[in-house]
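Numbering (our numbering), first residue to last: 346 to 616. Working notes for the structure below.
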Ligand SMILES: [Zn+2]
């Protein structure tokens with residue numbers, strides 16, 4: 346079985362001490378590639394360095410191949426400025442950077458003012474169009490504003506991935522109508538707040554479905570035994586795969602095959 350984790354925050358400080366071991370465990374679990382999320386000025390540079398090192402070592406088979414995104418998370422939208430925009434535009438030209446983002450709107454935590462979130466989101470959609478790369482999108486509690494903006498830009502965007510989808514089936518239907526791909530995380534393994542994602546997982550056409558851990562966040566609650574440090578990592582992606590397979594009435598192997606093919610196509614990864 347070959348899996349691709351389309352969203353892992355490996356620049357997070359919690360991975361600094363055992364980075365290589367994390368990657369080796371992921372490979373052992375069947376994860377052949379990871380799209381490492383860039384979310385701010387500093388992490389964008391870090392994840393590109395990871396992806397470049399991974400490319401240089403591509404003959405080594407004991408670690409997954411790493412790719413990068415470059416963008417500004419809505420939490421950090423207040424940091425948007427011309428210099429960062431120019432840097433993200435440059436990063437977007439790198440072959441290892443396979444998507445713009447993560448970018449979008451987060452009205453759940455509102456860590457940046459909403460007008461600044463919208464401005465940074467729109468600017469990054471324009472950069473993605475200019476670079477002809479897909480966008481890696483984050484939306485929480487902001488569906489109405491988010492879909493209104495995305496609707497305007499979607500015809501010009503090469504492709505769009507709504508990552509870590511946690512919203513309602515109706516919101517999912519809106520994104521599918523815009524021909525978006527949907528990333529499902531271990532949120533689906535959470536019986537307290539994620540059970541609606543079983544219905545969502547069933548409604549997503551096989552060719553639109555992607556899987557991700559969003560590590561170190563969102564440790565799947567179905568994991569046994571539970572890791573003591575509560576940190577999620579790409580090696581736990583099979584727990585997400587199994588929950589989705591159960592929800593869809595498919596085998597894990599079927600879901601692995603379709604989601605891996607989708608990730609390779611959307612992010613234009615080599616076979
Ligand atoms: Zn996110």
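We put the beta carbon where it would ideally sit given N, CA and C, even for glycine.
Inset, instruction - Could you tell me whether the stretch 508 to 526 touches the stretch 573 to 587, where touching means 3 or more Cβ pairs closer than 8 Å? - result: No, the stretch 508 to 526 does not touch the stretch 573 to 587.
Legend entry - Coarse secondary structure for residue 509, derived from DSSP in three states: Within the chain shown, residue 509 is the residue found at index 164, counting from 1. Judged by DSSP in its simplified three-state form, residue 509 adopts coil rather than helix or strand.
Inset, instruction - Could you tell me if the beta carbon of residue 488 falls within a distance shorter than 7 Å of some heavy atom in ligand 1? - result: Within the chain shown, residue 488 is the residue found at index 143, counting from 1. Here the distance from the Cβ of residue 488 to the nearest heavy atom of ligand 1 is not below 7 Å.
Legend entry - Residues near ligand 1, criterion Cβ-heavy atom distance below 6 Å: This selection yields 447, 483, 508, 509.
Inset, instruction - Report yes if the C-beta distance between residue 465 and residue 514 is below 8 Å; otherwise report no. - result: Reading the chain shown from its first residue, position 120 is the one you call residue 465. Reading the chain shown from its first residue, position 169 is the one you call residue 514. Their beta carbons are not under 8 Å apart, which means residue 465 does not touch residue 514 by this criterion.
Inset, instruction - Measure the alpha-carbon distance for residue 419 versus residue 471 and round it to whole angstroms. - result: Locating residue 419 in the chain shown gives position 74, counting from the first residue. Locating residue 471 in the chain shown gives position 126, counting from the first residue. The C-alpha of residue 471 is placed about 16 Å away from the C-alpha of residue 419.
Inset, instruction - Leaving aside the five residues before and after residue 463 along the sequence, list all residues of the same chain whose C-beta is less than 6 Å from its C-beta, in chain order. - result: Reading the chain shown from its first residue, position 118 is the one you call residue 463. There are no such residues.
Legend entry - Distance between residue 425 and residue 577 (C-alpha atoms, nearest Å): As a first step, residue 577 must be located in the chain shown, where it is residue number 232. As a first step, residue 425 must be located in the chain shown, where it is residue number 80. The C-alpha of residue 425 is placed about 29 Å away from the C-alpha of residue 577.
Legend entry - Neighbour flag for residue 367 against chain E, beta carbons, 8 Å: The structure shown contains no chain E; it is built from a single protein chain.
Legend entry - For residue 349 and residue 377, the rounded distance between their alpha carbons: As a first step, residue 377 is located in the chain shown; it is residue number 32 there, counting from the start. As a first step, residue 349 is located in the chain shown; it is residue number 4 there, counting from the start. Residue 377 and residue 349: Cα-Cα distance of roughly 6 Å.
Legend entry - Which listed residue (488, 533, 495) has its alpha carbon closest to that of residue 547: As a working note, residue 547 is residue 202 in the chain shown. Closest option to residue 547, Cα to Cα, is 533.
Inset, instruction - Give the DSSP-derived three-state secondary structure of residue 373 in the structure shown. - result: For this step, residue 373 is matched to residue 28 along the chain shown. In this structure, residue 373 counts as helix in the three-state DSSP scheme.
Legend entry - Endpoints, the alpha helix (DSSP H) within which residue 538 is located: Counted from its first residue, the chain shown places residue 538 at position 193. It is not in any alpha helix (DSSP H) - residue 538 carries neither H nor E in the DSSP assignment.
Inset, instruction - Inspect the beta-carbon positions of residue 480 and residue 517 and report whether they are closer than 8 Å. - result: For this step, residue 480 is matched to residue 135 along the chain shown. For this step, residue 517 is matched to residue 172 along the chain shown. Cβ atoms of residue 480 and residue 517: not closer than 8 Å.
Inset, instruction - Report yes or no: do three or more beta-carbon pairs, one from the stretch 490 to 498 and one from the stretch 443 to 463, lie closer than 8 Å? - result: By the Cβ test, the stretch 490 to 498 is in contact with the stretch 443 to 463, since at least three Cβ pairs between them sit closer than 8 Å.
Inset, instruction - May I ask you to verify whether the stretch 582 to 599 touches the stretch 386 to 393, counting CB pairs closer than 8 Å and requiring at least 3? - result: These segments do not touch.
Inset, instruction - Give a yes or no on whether the C-beta atoms belonging to residue 530 and residue 558 are separated by under 8 Å. - result: Here residue 530 refers to the residue found at position 185 of the chain shown. Here residue 558 refers to the residue found at position 213 of the chain shown. In this structure, residue 558 lies closer than 8 Å to residue 530 by Cβ.
Inset, instruction - Round the Cβ separation of residue 441 and residue 413 to the nearest angstrom and send it over; I've been treating them as touching at under 8 Å. - result: Looking up residue 441 in the chain shown gives position 96. Looking up residue 413 in the chain shown gives position 68. Between residue 413 and residue 441 the Cβ distance is about 5 Å, and since that is below 8 Å, they are a contact.
Inset, instruction - State the DSSP-derived secondary structure class of residue 452, mapped to helix, strand or coil. - result: The residue labelled residue 452 in the question sits at position 107 within the chain shown. Correct three-state label for residue 452: coil.
Legend entry - Cβ shell of residue 596 (< 7 Å), same chain only, five flanking positions each side left out: Within the chain shown, the letter at position 251 stands for residue 596. Here the set comprises 590.
Inset, instruction - Give the straight-line distance between the Cα atoms of residue 407 and residue 369, rounded to the nearest whole angstrom. - result: Indexing the chain shown from 1 puts residue 407 at position 62. Indexing the chain shown from 1 puts residue 369 at position 24. For residue 407 and residue 369, the distance between alpha carbons rounds to 6 Å.
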